[in-house]
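Numbering (this note's numbering), first residue to last: 19 to 549. Every residue gets a Cβ at the ideal spot worked out from N, C-alpha and C, and that includes glycine.
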Amino acid sequence: MDGIFIGMGGGHRQMIDLKRANRHGLIAGATGTGKTVTLQTMVEGFSRAGVPSFVADVKGDLSGLGMAGSAMGKTHAAFAARAAELSMTDWSYEATPVQFWDLFGQQGHPVRATVSEMGPLLLARMMGLNETQEGVLTIAFHMADKEGLLLLDLDDLQAMLAECAARADELTTTYGNVSKQSVGAIQRALLQLRTQGGEHFFGEPALELTDLIAVDDSGRGVVNILAADQLMASPKLYATFLLWLLSELFEQLPEIGDPDKPKLVFFFDEAHLLFDDAAPALVDTIERVVRLIRSKGVGVYFVTQNPIDVPDKIAGQLGNRVQHALRAFTPRDQAAVRSAAETFRANPGIDVASAITELKVGEALVSLLQPDGSPSPVERALIAPPRSRVGPATPEERKVLIETDAVGAKYDQPLDRESAEELLAAKTQEAAAAAVEAKAEKQAAQQAKADAKAAKEAERARIAEQRAAANSPWAKMATSAARSASSSIGRQVANEIGKQMFGGGSRRRSSSGGGIVGTVVRGVLGNLFRG
């Protein structure tokens, strides 16, 4: 198969050349003009050519790709008649191999990415941060990378921001102003992101792109359908996720130039959400990715109601164009018609501006890249009918398709390995324990010092008390009395000893040598008793 049949226009088959399918494209048109059916037909064609695709299912209708159409369906008569008009002799109903994905894990396999993989630029856009807050967020990412802290989920990022606030003075000196007010604003934005379901998206196991680029056993490309009906309630989360996915494809896939057919075709439905309120830097990033990702073998097709939703420098890279009817009721609608008409290669037989407002449901203006790379002249074409069901699959059918696809239960159970939150919490606990220990040691030292001081004061008090007691009148009187008593007793004892030793009968002896010796003994003994 060299191309994908889109429809019949100008008397010949309108085909997307597979070798030029990676040059991107645009499907535009007002609501109810057949835009979704065209998208379904293109997705089926890529699948039959062995090219996997990724598409967001905004309304739930594309889930029918996994089921074959039915002759009992209300669109059968119209589609059968159209197939006959287009001479599609091989047209029959058939299902397309699908894999369902859901950021919330309810209508498909959970889709997760880590905070580190998302990066500060896309995350800031998702949270609606200003330039100052984005700068602080970038510092938090740089600090986490420098200190080996993994940012896997929103809890990790919240803990990292708290760490930045605690070290604001240090970081301001090194990286620039980090105010606690900016950190607080980011924390509040994180809380809003959680309420939008962001906590389901960030974490592990992270999506592996190889699971998107797959073919089934018969060689048909698998269609990856993102359930986006609930996600559309959080448009920034929706747009940022798809941009992240596109950026991951760009970063991880090798350069292959222009392959014979794309490795993956990426359909970005409700494309205006990607560019609404987008900063110039973000638009530049999208433009760069779209311009360069074709050499990775990826084709990007924007699906939107109004072609002017896509900025000019990006729209200029969209080679394959299918334009359904537009309404020209307002000045903006009229400007969109003129803009769309100017993007096509002119065809003398078609007044493009008038034709855009006159197209019937199932008709479109088509201009596709030719084998030489030039766009074909615009033609008014009848779009080929799809082969799968037009309308949503039932919940029971979706469940069976999910349980029997190649992904299995790979992403069903979340992982929570050690990352920034746990490491910073452990660091905080260690610091708190060290602070408690230091405080206890300080208190013990203070208590020992106080005890030593008290003991010294008590010793001084005891000595002072003794001195005071020794100098009191009563103490002096007692000392004097004790000395007098000891002196009297001493003399008496000395006299008795003298009498016993030298006798005391005659006065004459007393006055001789013995009397002298007795006197000496009495004096010695008296001194002893006084001492």
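| query | Nearest to Asp-20 by alpha carbon, out of Met-33, Met-26, Gly-28? | reply | Looking up residue 20 in the sequence shown gives position 2. Looking at Met-33, Met-26, Gly-28, the one whose alpha-carbon comes closest to that of Asp-20 is Met-33.
| query | Any chance the region 325-340 sits against the region 82-102, with 3 or more Cβ pairs inside 8 Å? | reply | Between the region 325-340 and the region 82-102 there are fewer than three C-beta pairs closer than 8 Å, too few to call the two in contact.
| Do you know offhand how far Leu-230's Cα is from Gln-352's? | Looking up residue 230 in the sequence shown gives position 212. Looking up residue 352 in the sequence shown gives position 334. For Leu-230 and Gln-352, the distance between alpha carbons rounds to 39 Å.
| Rounded C-alpha distance that separates Asp-423 from Val-116 | For the purposes of this step, residue 423 is identified with residue 405 of the sequence shown, where counting begins at 1. For the purposes of this step, residue 116 is identified with residue 98 of the sequence shown, where counting begins at 1. Asp-423 and Val-116 have their C-alpha atoms spaced approximately 8 Å apart.
| query | Along the chain, which unbroken stretches of the alpha helix (DSSP H) at least 4 residues long are found entirely within the region 291-364? | reply | Here the runs fully enclosed are 298-311, 330-333, 349-361.
| said: Three or more C-beta pairs under 8 Å: does that hold for the region 391-398 against the region 55-69? | reply: no
| field | Stretch pair the region 397-411 + the region 44-59: three plus CB contacts closer than 8 Å | value | yes
| query | What did DSSP end up calling Ser-524 once you bin it into helix, strand or coil? | reply | Taking the sequence shown and counting its residues from 1, the one referred to as residue 524 is at position 506. Annotation note: pLDDT 48 at Ser-524 (below 50); position unreliable, coordinate value reported separately. Here Ser-524 sits in coil by DSSP.
| message | My output table needs one value for Glu-217: the three-state DSSP class, helix, strand or coil. | response | Here the question's residue 217 lines up with position 199 in the sequence shown. Reduced to three states, the DSSP call for Glu-217 is helix.
| Out of curiosity, what's the CA-to-CA distance linking Leu-442 and Asp-430? | Sequence index remark: in the sequence shown, residue 442 carries index 424 (1-based). Sequence index remark: in the sequence shown, residue 430 carries index 412 (1-based). Leu-442 and Asp-430: Cα-Cα distance of roughly 28 Å.
| query | So is Gly-84 buried or exposed if we call it buried at 16+ other beta carbons inside 10 Å? | reply | As a first step, residue 84 must be located in the sequence shown, where it is residue number 66. By the neighbour-count rule (16 or more Cβ atoms within 10 Å), Gly-84 is buried.
| message | Met-144 and Thr-258 - do their beta-carbons sit closer together than 7 Å? | response | The sequence position of residue 258 within the sequence shown is 240, counting from 1. The sequence position of residue 144 within the sequence shown is 126, counting from 1. Taking 7 Å as the Cβ cut-off, Thr-258 and Met-144 qualify as a contacting pair.
| task | Give a yes or no on contact between the region 459-467 and the region 194-210, applying the rule of three or more CB pairs nearer than 8 Å. | result | Contact between the region 459-467 and the region 194-210 is absent, because fewer than three Cβ pairs lie under 8 Å.
| request: Report yes or no: do the region 135-150 and the region 268-288 share at least 3 C-beta pairs separated by less than 8 Å? | output: no
| said: Tell me the rounded alpha-carbon separation between Glu-226 and Leu-310. | reply: Reading the sequence shown from its first residue, position 208 is the one you call residue 226. Reading the sequence shown from its first residue, position 292 is the one you call residue 310. The straight-line gap from Cα to Cα measures roughly 21 Å.
| query | To the nearest angstrom, how far is it from the Cα of Ala-183 to the Cα of Gly-78? | reply | As a first step, residue 183 must be located in the sequence shown, where it is residue number 165. As a first step, residue 78 must be located in the sequence shown, where it is residue number 60. Their Cα atoms are separated by approximately 43 Å.
| With contact counted as at least three CB pairs below 8 Å, one residue from each stretch, are the region 98-105 and the region 212-220 in contact? | no
| said: According to DSSP, is Pro-138 part of a helix, a strand, or is it coil? | reply: The residue you call residue 138 lines up with position 120 of the sequence shown. Three-state DSSP puts Pro-138 in a helix.
| request: For the alpha helix (DSSP H) holding Ile-157, just list the boundary residues, first then last. | output: Here residue 157 corresponds to residue number 139 of the sequence shown, with the count starting at 1. From DSSP, the alpha helix (DSSP H) with Ile-157 extends over 149-164.
| task | Below 8 Å CB to CB, which residues in the same chain sit around His-94 once its five sequence neighbours on both sides are set aside? | result | As a position in the sequence shown, residue 94 is number 76, starting the count at 1. So the list reads Gly-87, Ser-88, once near-sequence residues are dropped.
| Per DSSP, which one or two residues make a beta bridge with Asp-278? | Taking the sequence shown and counting its residues from 1, one reaches residue 278 at position 260. Bridge partners of Asp-278: none, in fact.
| request: Buried or exposed for Lys-279, please, with buried defined as at least 16 other CB atoms from any protein chain shown within 10 angstroms of its CB. | output: Here residue 279 corresponds to residue number 261 of the sequence shown, with the count starting at 1. Classification for Lys-279: buried.
| task | Indicate whether the contact test is met: 3 or more Cβ pairs, each with one atom in the region 160-180 and one in the region 287-294, closer than 8 Å. | result | no
| field | Cα-Cα separation between Ile-22 and Leu-209, rounded to whole angstroms | value | Residue numbering aside, residue 22 sits at position 4 when the sequence shown is read from its first letter. Residue numbering aside, residue 209 sits at position 191 when the sequence shown is read from its first letter. Their Cα atoms are separated by approximately 46 Å.
| Would you call the region 153-169 and the region 248-255 in contact, with 3 or more CB pairs under 8 Å? | no
| How big is the Cα-Cα spacing for Asn-365 and Pro-329? | Within the sequence shown, numbered from 1, the residue matching residue 365 stands at position 347. Within the sequence shown, numbered from 1, the residue matching residue 329 stands at position 311. Cα to Cα, Asn-365 sits roughly 25 Å from Pro-329.
| field | Minimum C-alpha distance to Leu-264 - residue among Thr-190, Val-370, Met-136, Thr-191 | value | On the sequence shown, position 246 is the one that residue 264 refers to. Considering only alpha carbons, the answer is Met-136.
| task | Drop a sphere of 10 angstroms on the beta-carbon of Val-562, count the other beta-carbons inside from all chains shown, and report buried for 16 or more, exposed for fewer. | result | As shown, the chain starts at 19 and ends at 549. That puts residue 562 outside it, with no answer to give.
| message | Quick check on the burial criterion: 16 or more other C-beta atoms within 10 angstroms. Buried or exposed for Phe-347? | response | Sequence index remark: in the sequence shown, residue 347 carries index 329 (1-based). So Phe-347 counts as exposed.
| Euclidean distance between Cα positions of Ser-385 and Met-26 | For this step, residue 385 is matched to residue 367 along the sequence shown. For this step, residue 26 is matched to residue 8 along the sequence shown. Answer to the nearest angstrom: the Cα atoms are 12 Å apart.
| Residues of its chain near Val-196, where Cβ-Cβ distance is below 7 Å and the 5 sequence neighbours each way are ignored | In the sequence shown, counting from the first residue as 1, residue 196 sits at position 178. Within the same chain, Val-196 has close Cβ partners Val-154, Ile-157, Cys-182, Ala-186, Leu-189, Thr-190.
| request: Under 8 Å by Cβ, that's how I've got Gly-317 and Gly-43 pegged, so tell me the actual separation to the nearest angstrom. | output: The count along the sequence shown starts at 1 and reaches residue 317 at position 299. The count along the sequence shown starts at 1 and reaches residue 43 at position 25. Right, the Cβ-Cβ distance comes to about 7 Å (below 8 Å), so this counts as a contact.
| query | For Gln-124, which of helix, strand or coil comes out of DSSP? | reply | For the purposes of this step, residue 124 is identified with residue 106 of the sequence shown, where counting begins at 1. Residue state, collapsed to three classes: coil.
| Pro-109 (DSSP reduced to helix, strand or coil) | For the purposes of this step, residue 109 is taken as the residue at position 91 of the sequence shown. It is Trp, not Pro, that sits at residue 109 in the sequence shown. Three-state DSSP puts Trp-109 in coil, outside helix and strand.
| field | Nearest candidate by alpha-carbon position, reference Ala-399, set Lys-471, Leu-383, Leu-387 | value | Here residue 399 refers to the residue found at position 381 when the sequence shown is read from its first residue. The option with the nearest alpha carbon to Ala-399 is Leu-383.
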